[in-house]
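Visitor:
Residue numbers (our numbering), protein chains in the order written: chain B, 590 to 695; chain V, 5 to 347.
1. Could you check how far apart the C-beta atoms of residue 311 (chain V) and residue 292 (chain V) are, in whole angstroms? I think they sit under 8 Å.
2. Can you tell me which of V:122, V:33, V:27, V:237 puts its alpha carbon nearest to the alpha carbon of residue 192 (chain V)?
3. Does the beta carbon of residue 297 (chain V) sit closer than 8 Å to a beta carbon anywhere in chain B?
4. Assign residue 38 (chain V) to one of three DSSP states: helix, strand, or coil.
5. Between which two residues does the alpha helix (DSSP H) carrying residue 647 (chain B) extend?
6. Tell me the rounded alpha-carbon separation between residue 101 (chain V) and residue 125 (chain V).
7. Do you know whose CA, among V:175, V:212, V:9, V:26, lies nearest residue 17 (chain V)'s CA?
8. Does residue 344 (chain V) come out as helix, strand or coil in the three-state DSSP assignment?
9. Do you know offhand how far residue 325 (chain V)'s Cα is from residue 91 (chain V)'s?
10. With distances taken between CB atoms, is the gap from residue 593 (chain B) to residue 667 (chain B) smaller than 8 Å?
11. Verify the CB distance criterion: does residue 687 (chain B) have a CB-CB separation below 8 Å to chain V?
12. On the criterion of 16 or more Cβ atoms from any shown chain inside 10 Å, does residue 610 (chain B) qualify as buried, or is it exposed?
13. Taking 8 Å as the CB-CB cut-off, is residue 636 (chain B) touching chain V?
14. What's the call for residue 681 (chain B), buried or exposed, on a 16-neighbour Cβ count within 10 Å?
15. Kindly indicate the opening and closing residues of the alpha helix (DSSP H) around residue 606 (chain B).
16. Give every residue of the same chain whose Cβ lies closer than 6 Å to the Cβ of residue 252 (chain V), excluding the five residues on either side of it in the sequence, and list them in chain order.
17. How about residue 256 (chain V) and residue 131 (chain V): do their beta carbons lie closer than 8 Å?
18. Between the Cα of residue 12 (chain V) and the Cα atoms of V:57, V:322, V:341, which residue gives the shortest distance?
19. Going along chain V in order, which residues have a C-beta closer than 8 Å to the C-beta of residue 695 (chain B)?
20. DSSP beta-bridge partners for residue 161 (chain V)?
21. Under 8 Å, Cβ to Cβ, is there at least one residue of chain V near residue 617 (chain B)?
22. In the structure shown, what three-state DSSP assignment does residue 5 (chain V) receive?
23. What are the residues of the segment 48-61 of chain V that lie near chain B, defined by any Cβ-Cβ distance shorter than 7 Å?
24. Note down, in chain order, every chain V residue with its Cβ under 9 Å from the Cβ of residue 642 (chain B).
25. Determine the closest residue to residue 77 (chain V) out of V:318, V:305, V:212, with distance taken between C-alpha atoms.
26. Taking the beta strand (DSSP E) that residue 90 (chain V) falls in, what are its first and last residues?
27. Residues bridged to residue 94 (chain V) by DSSP?
28. Within a Cβ cutoff of 7 Å, which residues of the same chain sit near residue 99 (chain V), ignoring the five residues on either side of it in sequence?
29. Quick one: list the residues of chain B neighbouring residue 126 (chain V), beta-carbon separation under 8 Å, in chain order.
30. Is residue 677 (chain B) close to chain V? Criterion is C-beta to C-beta, closer than 8 Å.
31. Any chance the segment 669-676 of chain B sits against the segment 39-50 of chain V, with 3 or more Cβ pairs inside 8 Å?
32. Is there a Cβ from chain B that is less than 8 Å from the Cβ of residue 166 (chain V)?
33. Go ahead and pull the three-state DSSP assignment for residue 117 (chain V).
34. Measure from the alpha carbon of residue 160 (chain V) to the alpha carbon of each residue in V:171, V:172, V:147, then state which is nearest.
35. Could you give the DSSP three-state label for residue 294 (chain V): helix, strand or coil?
36. Across which residues does DSSP place residue 219 (chain V) in a beta bridge pair?
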């Protein structure tokens, strides 16, 4: 298991257990983390599970594939550390991961 | 100005998989349908969100893509000759004195029917509104999510935001009439038809389109009239871009929309129904698929199919009150096979 901390835009932190193999989005939805809409259910088709992954976690999590980068065009306030959480598969190495939830998913 | 009403047995709101299968189940019991959908094609979320992605939980189809499922449903309902009104959103639903209903779309199509089936899934697909402070105050005057008439943009300073096909198409279509056209996108890659991207870059080269890298962070103006926007560039620095009009294209999202105003009981944007016939709080109005809720509800396509079958039994009583419905199997009933065109 890996512990993931979601930080809402207002600073509220939620630390939850994530199962390796699941996605960060699925972990968020399963734990009712506010601010992750995930409208399309993980098809990389809506950009409503947008999160920010900050250092030192960016290397562990990796960078977006071209399809995800395309879909990020439909997100708001996209930054270098932007990822779609449905495209991040949890690994044991991500134990302790911190992701920030943007103010709005649209 | 409203058109002459089209009269039919049932209007189905939503052409996703459940709306399509409702045509089948209603067709088997001799009920004619019109189907209205805001999208330009059938399939709802299946074709809008995941046309290429496999679905693994449709009985007897170990794997089927959203597009394939939709194509097969369209083939299956073909014998029943349902009429489709794509690119229309049902805005108004009124009850008539005779117990029937009148529905009016945003494109002024008026439909009169004996029963209504709401199969609207997660709601209407509507353009995403960028969460910019005060944007509501500019909508319809300076901020537009679609182009109704190109002439409305003649001699205007136009700003288009986004990098998909809609953004690029409107850049190319509005550039000839606009006084100036600026495109803002967060990167220099575009998720759009390569031909449109090439044409756009040619116009940038010739000085006819201005292209800026960045994201809009603030709007400025008075009384609904935009004068400029603040843009954050890739280096984190901000600059002002003057404009009279902004067209943001950030894709679509699902909103419940006008369904909320139809006088139905709602629970957290879902429509409660009974589990015998999937009728709403209003006699004659049914809800099936993702938009309904009841104890134990699962948002599965197969659940919506089941709901469509039971709903059709009750709708038959409403549409053909004088006829007794005899349950039949498509495998053995020559009557049903005739309707399906296989006999």
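Built from N, CA and C at the ideal position, the CB exists for glycine as well. A quick note: this is a predicted structure, and the numbers were derived from the prediction, not measured.
Guide: In short, the structure shows the following:
1. What you label residue 311 (chain V) is simply residue 307 of the second chain in a count that begins at 1. What you label residue 292 (chain V) is simply residue 288 of the second chain in a count that begins at 1. Yes, they are in contact, since the Cβ atoms of residue 311 (chain V) and residue 292 (chain V) sit about 4 Å apart, within 8 Å.
2. For the purposes of this step, residue 192 (chain V) is taken as residue 188 along the second chain, with counting starting at 1. Cα-wise, what sits closest to residue 192 (chain V) is V:237.
3. Taking the first residue of the second chain as 1, we reach residue 297 (chain V) at position 293. Not closer than 8 Å to any Cβ of chain B, the Cβ of residue 297 (chain V) fails to qualify, so no.
4. For this step, residue 38 (chain V) is matched to residue 34 along the second chain. It is a strand residue.
5. As a first step, residue 647 (chain B) is located in the first chain; it is residue number 58 there, counting from the start. Here the alpha helix (DSSP H) through residue 647 (chain B) covers 647-650.
6. As a position in the second chain, residue 101 (chain V) is number 97, starting the count at 1. As a position in the second chain, residue 125 (chain V) is number 121, starting the count at 1. Straight-line Cα distance between these residues: approximately 29 Å.
7. Taking the second chain and counting its residues from 1, one reaches residue 17 (chain V) at position 13. It is V:26 whose Cα lies nearest to the Cα of residue 17 (chain V).
8. Numbered from 1 along the second chain, position 340 holds the residue referred to as residue 344 (chain V). Residue 344 (chain V): helix per DSSP, three-state reduction.
9. Stepping through the second chain from its first residue, residue 325 (chain V) is reached at position 321. Stepping through the second chain from its first residue, residue 91 (chain V) is reached at position 87. Spanning the two alpha carbons is a distance of roughly 33 Å.
10. For the purposes of this step, residue 593 (chain B) is taken as residue 4 along the first chain, with counting starting at 1. For the purposes of this step, residue 667 (chain B) is taken as residue 78 along the first chain, with counting starting at 1. No, Cβ-Cβ distance for residue 593 (chain B) and residue 667 (chain B) is not below 8 Å.
11. Working through the first chain from its first residue, we reach residue 687 (chain B) at position 98. With 8 Å as the cut-off, residue 687 (chain B) does not count as an interface residue toward chain V.
12. As a first step, residue 610 (chain B) must be located in the first chain, where it is residue number 21. With fewer than 16 other Cβ atoms within 10 Å, it is exposed.
13. The residue you call residue 636 (chain B) lines up with position 47 of the first chain. At least one chain V Cβ lies under 8 Å of residue 636 (chain B).
14. Along the first chain, read from residue 1 onward, the residue named residue 681 (chain B) stands at position 92. Exposed: under 16 other Cβ atoms inside 10 Å.
15. Residue mapping note: residue 606 (chain B) aligns to position 17 of the first chain, counting from 1. Here residue 606 (chain B) belongs to no alpha helix (DSSP H); instead the beta strand (DSSP E) covers 602-607.
16. Position 248 of the second chain, counted from the start, is the residue given in the question as residue 252 (chain V). Hits under 6 Å: 134, 165.
17. In the second chain, counting from the first residue as 1, residue 256 (chain V) sits at position 252. In the second chain, counting from the first residue as 1, residue 131 (chain V) sits at position 127. Yes, they are a contact pair.
18. For the purposes of this step, residue 12 (chain V) is taken as residue 8 along the second chain, with counting starting at 1. Checked all of V:57, V:322, V:341; the closest Cα to residue 12 (chain V) is V:322.
19. The residue given as residue 695 (chain B) occupies position 106 in the first chain. Residues of chain V passing the Cβ test: 132, 133, 134, 135, 254, 257.
20. The sequence position of residue 161 (chain V) within the second chain is 157, counting from 1. Paired residues: V:184.
21. Taking the first chain and counting its residues from 1, one reaches residue 617 (chain B) at position 28. Residue 617 (chain B) does not count as touching chain V.
22. On the second chain, residue 5 (chain V) is found 1 positions in, with the first residue counted as 1. The predicted position of residue 5 (chain V) is uncertain, since its pLDDT is 49 and thus under 50; no value can be drawn from it.
23. 53, 54, 57
24. Stepping through the first chain from its first residue, residue 642 (chain B) is reached at position 53. Under the 9 Å cutoff, chain V gives no residues; its nearest Cβ is about 17 Å from residue 642 (chain B).
25. Counting from 1 along the second chain, the entry for residue 77 (chain V) is found at position 73. With distances taken between Cα atoms, residue 77 (chain V) lies closest to V:305.
26. Counting from 1 along the second chain, the entry for residue 90 (chain V) is found at position 86. Element bounds for residue 90 (chain V): 87-90.
27. The sequence position of residue 94 (chain V) within the second chain is 90, counting from 1. DSSP output for residue 94 (chain V) lists V:109 as bridge partner(s).
28. Mapped onto the second chain, residue 99 (chain V) falls at position 95. Same-chain partners within the cutoff: 105.
29. The sequence position of residue 126 (chain V) within the second chain is 122, counting from 1. Within chain B, the residues near residue 126 (chain V) are 628.
30. Translated into positions along the first chain, residue 677 (chain B) becomes position 88. Output row for residue 677 (chain B): interface = no.
31. no
32. Translated into positions along the second chain, residue 166 (chain V) becomes position 162. Interface residue, yes.
33. Taking the first residue of the second chain as position 1, residue 117 (chain V) is located at position 113. Strand.
34. Taking the first residue of the second chain as position 1, residue 160 (chain V) is located at position 156. The option with the nearest alpha carbon to residue 160 (chain V) is V:147.
35. Sequence index remark: in the second chain, residue 294 (chain V) carries index 290 (1-based). In this structure, residue 294 (chain V) counts as helix in the three-state DSSP scheme.
36. Along the second chain, read from residue 1 onward, the residue named residue 219 (chain V) stands at position 215. For residue 219 (chain V), which the question treats as bridged, DSSP gives the partners V:236.
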